[in-house]
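The structure under discussion appears below in the form of structure tokens.
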Amino acid sequence: MNIETTTLLTVFVPIIGSLTIPLAGLVSGKARSAWAVLLGGFTAALPLLLIPTALGGGETIVRKEFVLGLDFILVIDPLSIFMSIVSSFVGFLIILYSLGYIRHEENQNEYYLMVLLFIGSMMGLVFSANLIFLYLFWEIIAICCWRLIGFYRLKEFVKKADKAFLMTFFGAVVMLLGFVQIYGQTGTFDITAMRGTIIPGSAVLLILFGMFTKSATVPLHTWLPDAGVAPTTVTALLHAAVLVKIGVYAYARLFLYGFRLPGAWPDVIPIIVVVSSLIAAGAAVVETDFKRILAYSTISQLGYIFLGFAVANEAGINGSLLFILMHGLAKAGLFLCAGIVIHATHKRDIREMGGLIKTMPITAAAYLLCAFSVIGIPPFGGFFSKFLVIMGTVRAGMIALAAISLFTAVLTMIYLLRVFAQVFLGEAKAPAPEKSGSMVFVVALLAVLSLLSGLFVSFPAKLAAAATTHISGWLR
Amino acid sequence: MTPTTLLWTILIPAIAAALLALVPKGVKFVREIIALIAGGVSLYLGFALFAVKNLEWRLPWLGGGVDFELRLFHFSSFILLGLAGFLVLIAVYSTVKMKDHPHVRSYYALVFLSAALANGAVLSDNFVPLVFFWEGLLVTLYGLIAIGRKGANKTALKAFVISGFCDFCLILGIGILWAKTGTLTISKISVHPQGILAAAFILTMIGAIGKAGAMPFHTWIPDAAIDAPVTFMAFMPAAFEKLLGIYLLGRLTLDVFKIEKGSGLSILMMTIGALTIVLAVMMALIQKDFKRLLSYHAVSQVGYMILGIGTGVPIGIAGGLFHMINHAMYKCGLFLSAGSVEHRTGTTELKKLGGLAREMPLTAVGFSVCALAISGVWPLNGFVSKEMIFHGAIESGYTIFAIAAWVGAIFTFASFLKAGHSVFFGKKNEERPTVKENSLALFVPILILALLCITFGVFNKMPLTQFIQPILVGHVEAGESIDFTGHALSLFNPIAGISIACLLLALGLHAYGWKRGGKKAYLASEPIHKAPVLKTLYDWAEKRFFDLYEQGVIFIQALSLVLFKGIDRPIDFVFEKAVTSVGSAMSGVLRKAHTGRYATYLAWCLGGLLVIAAVLSVLTKS
Amino acid sequence: MNSTWLLYMFFSLALIGTGLYALLTMKNLIKLFIGIEIVGKGVSLALLATGYAKANILLAQSLVVTFIVVEVCLVATALALIINITRHTKSLDVRSLTKLRG
Amino acid sequence: MIFLYIGLPLIVAALLPLIGRASKKLLPDVLGNGVFLFLLVYGLTGAKSLIGGGPVVQSLDWFGETVALKVAVDGFSLFMLAVIALVSLCVGLYSISYMEHYGSKANYYALLLMMVAGMNGLVLVTDLFQIYLFLEVAAIASYALVAFGLEHDELEAAFKYLMLSVVASAAILVSIAILFGMTGSLGFSGVAEGLRALNAPGVVAICAALFLLGFGLKAALIPFHAWLPDAHPSAPAPISAILSGLLIKVSGVYAMTRIFFHVFGLTPALSQVLMWMGAISIVLAAFLAVGQKDMKRMLAYSSISQVGYVVLGIGIGTPLGIAGGLFHLLNHAVAKGLLFLNSGSIQQATGTRNLDEMGGLAKRMPITAATNLIGSLSISGVPPLGGFWSKLLIIIALVQSHEMLLAVIAVLASVLTLWYYLIIQRQAFFGRLNERWAAVKEAPFWMSAASVILALICLGLGIVFSAVITSWIQPAADGLAKGMGM
């Protein structure tokens, strides 16, 4: 199979496959779940075939002509391959976990359909090199999110889903306006054709607005904590693997790989993201809802990822890429741990929990390991990413920002370990047994992967370094 | 010895840790065998590598200057040997002391993991692997405290956050260094700490002294003394962290930065050292708990090391480094004897103990030797290293720091008089049951340490020439002497005289306090505790006004509340309420206008016609 | 010639204006409908006058005839509506027709 | 045989009331839908090749030479014919089940066919007065159809609709009279030439304003919109669909566009007025829609808002803008038709149009829910559905002609659009099932079938947007931009 076919299959197998889920659902529930897992696994396996290409560097561009410059263009380079591997893999794990988690819920057909469509669109987005198709896949993801956030169909939940959809849609159309403005200047939506172009500040503002909304950066973040009403699998999907990472990925794709930032923007963006990171961390310290704390934590960590890309030097980019992977694994682990706890205790407020380490030791251990990774403690994977981002920031001469980021890391320690102490240690307030099967397996796997990704960091680092070299090539 | 041996020094304890974690809880024998074998192998490697001295090993890692570089040279081999020695002693001691601990599996695994990480940190010749191992110790620190008694997780979090903060400072400092020098290989960096690099030095220094437990990053140690297993105290704060912290401080001041005698940074370090000595010892003096008292000394003694290294004169630096290894020995011994007492009597409160010397004579001997060594009594090792530090402080030209160090010496001795008197000597407390001497595995490590204290003191030439002197080779300016053996044992110079006078003063203080306290040894420090100004200060300290962590947590909570209520919620309000109500209000107004009356609608149409006609005419004309 | 056309147009506009005034002020459905008719007559007058003025009376006549045909249909529909409305509301007052609003 | 478009529906409409006596249900259903299907197939296949070499003109004598009925087909009219046939076919299919309980199916189909004939005629003619004529044919049929239920709401709505429409017609006629007087002609090209010779911008302004009142009222642009939110919800659901989906666009937008482009020429002043009227309609109607409780009334306001987009796009006057406007016209016709049909299905199933009383219907009516979702997202401009592409084209055109403010309005209003469509989704379909509707059943076959067809078209327009634009929208836009060339 050549590169082009592999990529096209990666994108369209899950998208088209997702539409067949209801058909499989007609056969039986088991068949449908098996089919979903199969599709997910296939999607996760396909990009792995592209690893040699990525390590070799260079890029392949696939193009299908449409009217008015709305061509369908795919760019296959180390950056997109890295991103596709990470998100499809985490997505696959989440599907596995779902087998146990939503076993007793209604609307499972829709659930699996949306999740697969979600992952497929993510693949499409990652490989898209046309601004409009980037936007298009992004909005398909938004639709999926909306349905998935409102999965439990309670009125307040659906309202939160609507809020998420509306806010992200708002950001997206503003971003679209920015794209159109760029089109007005360059006459093309093709990212590969506008590399190195300096775009006007207003377009940057519009596009950043969209990115910040989509990846929940202060002050456009409030939909993300509210989206915690979704099934935990979905929150994990939103936070860890796919949705919020897109904004960061798009930043790299547009502003590092694509056009250049004018004026003072390169200095302003790091400040915004660091402040966002700090505010979210502060909110996480105050919150008491398990999932909301993790949500704010996501917002906070996203600040780091943005920061690495925003400083735009090799260490920073490398760090951010690794961060996407490490945070994907660890945050998915944290959310799925929260899922097990909430599923078992039917409570969401951490003050009502306690002492669960006795009844669910694996979950507790997994939580702790993932928390260490998110905080950035070696030998877990999160250490390297955070370290490199900070290094990159200092290298770019923004020592004060690096210092604030490190202070935020202290806050991260406090809130994540506070949750651990409150939920797993201390007196048992609502003891509940650990659910066995796929859920605990996935959580443990994610925790172990967080550890292994740190111990054997040189393997993912190789891929990230290839992507970094590729991007840096354009930066010079 | 191939370079890969370096890797084995890290991997053997790590593999042992993994095995220990897997051994089921019930199988005690196997666990102890694994622990002892791994400790023995480590010690063997330590000796073997100490003989080899020079090895380098390198593996490409993340790219961009971030390589996995290990380097063995004199300094690191010395520390490596020390770490291995303490690991063996702790392992032996733990076989009895930790036998029935509920978390014994995690305990052993974490101890050996710590050893692996510490070895890695010592060997790293690149800042990234250094931080990797250095900060990795946070995990074991958290784990080892958290498995202590109930509620220990708060202290664990405290230790974790404080150490984490220091490590983050280290990272920031490293970042600045990297940005300025372009390399992360430690042995390639040698800069003058000027401008932003001075900030880099201070930040990295915080990383080093934070690990060593200097003020103000010490506050978790006294808490951990109560909450964590006592072997942990002997192992981490007393031995491992001191060795690591001072090792890094030594490398920073000797290799990475060129700290000159009398420079601002030198004075800064000396000030930190002096303050740590005095303040911590003052706190130690008034403690009523054996372990807590020891833990404050663990802080106080770091002050001597920092002061010594900070002087910037060879004898001071040598003294600081020598004090590091000496302190590790006697403080480890002291904690272990406290552990032995706790093992038998079940308590470490001074009030409830007394007269144990008769029942546990070997432990008492071990304790006494270590206590005298820490107090700097001739001819024990503490005397030698402290003398060198006094000399260094005076040579640096700032006598005030020497005075501070002497003040520290007074109270150190006073507090150990009090501790020894109330625990081992004096009258037996009637409420305390009679106990027996501990088993072999418990008192042998203590006695070994006591013996080492004597050896290093009496035959100080050997350690000074074998261990300390070579470290300074190449760092001492031409013409200056690096032969310190002359100073070492001469009792007859004015400086040693002052030291001895200090010890006598301490004896007097103790006697006075003992009498005033109704011949109760544990009340011997009360005159100072209740002294006019000091009483208030002590009260504040008890209320943790001076605990930066507690204050920091309050600050962080306030800040978080401000960020949450002041920024996050208002933003949410804008999206959740403001936008929707503005929308609904708009809608309401417009809907009101649609009255359903035909005439209104017709009027709108005709009005619209007029407006459009007017606009069109105007636009057409212009 | 042109002035004659303008004169006719003036009267036709006056008729339309009258009709619109009636539409804006009358309350009775029938009267409203008469207003519509007045507007219609004004429009027919305008068409005829224009045809006359432009010497194209044939075309204008055919237009007006068509217009009348259309109007007949309209009248039929409108009256049917009014009859039905009266059946429902038992009144001819336009103010009873304000149920649909907002 | 272009006359078939007018003649066939008219003839069948005339016959139906007679046939209706013989067969109450089957024959009207078959005949009505047969006509629509024929027109659609003919439009998509036969007529396409007809205009391969440019516009085609045919004439039918009536009242002698002077008032000969001259019809012409170019890309624009053919596009409109296809849209009309498409939507009316779906509406016709839907009516098979839906109109069961209304009785008098024959009359219903007769009126429907008459309306379609009127719209087809309007699209084909080349003469100002004939535009008026067919406008009235379609309008009178629509008054009757709005009042078809003969309840209070229907009558009130129809009455206001009629009374306002007549004023609009009068304005159109006055304007025609003035133009006739100034140029002595009624044909598009004749008037256009006369005006060029006359060079009287003042007259053009007055006439344009009168036309804007007339056609703007038909298209329900604000402030001429007040009748629409009454009339559209009151009609039977298929009629609402055809009124919102087609009538306002054919008798309003199409006629306006045809006259402004081919008679007056789109002056910058006219362009500005059109764009701003569009923008104001978009925003105000969107706000009005947000506050509605009645599902159909919300959809009606949405129609005003979306017609605003169409007018905004066409008003830009650049080929891209026109293409965007026309594509949006198509998308809106399909999607809004679909949504009104769905609202009918819900009303039939639950007996209510009040959103507050619904809830969780997705569980009982999955097809309706799914198709409704597609329609809503398409209109809101969420990719990958058709509505996204048309809005995108409009926004690109706005930015290219440096109308940033309007572009921002157009963009932000789409957020408002999504807002109220999410309200529909939340209240009606998404969310927990309301206990009251536990026994509700999915709509009957033909109703579901019509919804599914329209939903698939919505989806298809998004996926094969490129082909649709090249083969249908571009020729239409070119036809408009270049002029009739007769």
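Chains as they are written, first to last, in our numbering: chain A, 102 to 577; chain B, 92 to 713; chain C, 181 to 282; chain D, 31 to 516.
Yeah, the Cβ is synthetic: ideal placement off N, Cα and C, and Gly gets one too.
A102 of chain D carries a strand assignment under DSSP once its states are collapsed to helix, strand and coil. Cβ atoms of G455 of chain A and K530 of chain A come within 8 Å of each other, at about 4 Å.
Positions of the alpha helix (DSSP H) runs, each at least 4 residues long and wholly inside the region 517 to 565 of chain B, are given as 531 to 549, 560 to 563 in order along the chain. F418 of chain D belongs to the set of residues whose beta carbon lies under 9 Å from a beta carbon in chain A. Within the same chain, and ignoring the five residues on either side of L275 of chain B in sequence, the residues whose Cβ sits closer than 7 Å to its Cβ are G156, V157, N217, F218, V219, W269. For L150 of chain A, there is no enclosing beta strand (DSSP E), as DSSP gives it neither H nor E. The residues Y352, P367, I370, P371, V374, G417, in chain order, have a CB closer than 8 Å to that of A411 of chain A in the same chain once the five nearest residues on each side in sequence are set aside. Residue-level contact by beta carbon holds for A690 of chain B and chain C, with a gap shorter than 9 Å. The shortest CA-to-CA distance from A409 of chain B to any of B:G234, B:P524, B:P554, B:I491 is the one to B:P554.
Contacts between I344 of chain D and chain A, judged by CB atoms closer than 9 Å, are missing: the closest CB pair is about 17 Å apart. One finds nothing in chain C with a Cβ atom closer than 9 Å to the Cβ of L700 of chain B; even the nearest lies about 11 Å away.
The contact set of L318 of chain D on chain B, defined by CB atoms closer than 8 Å, consists of S678, L681, R682, H685 in chain order.
Classified as exposed, V71 of chain D has fewer than 16 neighbouring CB atoms from the shown chains inside 10 Å of its CB. Within 9 Å of the CB of F508 of chain A, no CB atom of chain D is found; the nearest one sits about 36 Å away. One thing to note: A267 of chain D has its Cβ no nearer than 9 Å to the Cβ of A187 of chain D. For D158 of chain B, the enclosing beta strand (DSSP E) stretches over residues 157 to 163. Beyond the five residues adjoining it in sequence on each side, F254 of chain D comes within less than 7 Å, by CB distance, of L243, G246, L247 in the same chain, given in chain order.
In the structure shown, the three-state DSSP call for F360 of chain A is coil. Rounded to whole angstroms, the gap between the alpha carbons of E105 of chain A and I397 of chain D is 37 Å.
An exposed status is given to V245 of chain C, since fewer than 16 other beta-carbon atoms sit within 10 Å of its beta-carbon. In this structure the region 484 to 491 of chain A touches the region 421 to 429 of chain A; the number of beta carbon pairs closer than 8 Å is three or more. Straight through space, the alpha carbons of S215 of chain B and R342 of chain B are spaced by roughly 12 Å. The residue among A:S573, A:R519, A:T569 with its C-alpha nearest the C-alpha of N244 of chain B is A:R519. Contact between S127 of chain D and W476 of chain D is confirmed by a C-beta separation of about 4 Å, below the 8 Å threshold. In terms of beta-carbon proximity, Q642 of chain B stays away from the interface with chain A, with every pair separated by 9 Å or more.
Taken in chain order, the whole alpha helix (DSSP H) runs of length 4 or more contained in the region 161 to 214 of chain D are 182 to 213. Its Cα nearest to that of Q455 of chain D, the residue A:R254 stands out among A:R254, A:F560, A:L194. Taking 9 Å as the CB threshold, T257 of chain C stays off the interface with chain B.
Scanning chain D for C-beta atoms nearer than 9 Å to the C-beta of V128 of chain A yields nothing, as the closest lies near 18 Å away. Closer than 9 Å to the CB of K190 of chain D there is at least one CB belonging to chain B. Between the region 375 to 384 of chain A and the region 652 to 664 of chain B, the count of C-beta pairs closer than 8 Å reaches three or more; the two stretches touch. Following the DSSP letters along the chain, one finds V163 of chain A inside the beta strand (DSSP E) bounded by residues 161 to 165. Nearest in C-alpha terms to I41 of chain D, of all of D:G105, D:M110, D:G148, D:V101, is D:G148. Sorting D:S301, D:F317, D:T287, D:T213 by C-alpha distance to the C-alpha of T447 of chain D places D:F317 at the top.
At a Cβ-Cβ threshold of 9 Å, I272 of chain D and L240 of chain D do not count as neighbours. With fewer than 16 other Cβ atoms from the protein chains shown falling within 10 Å of its own Cβ, T184 of chain C counts as exposed.
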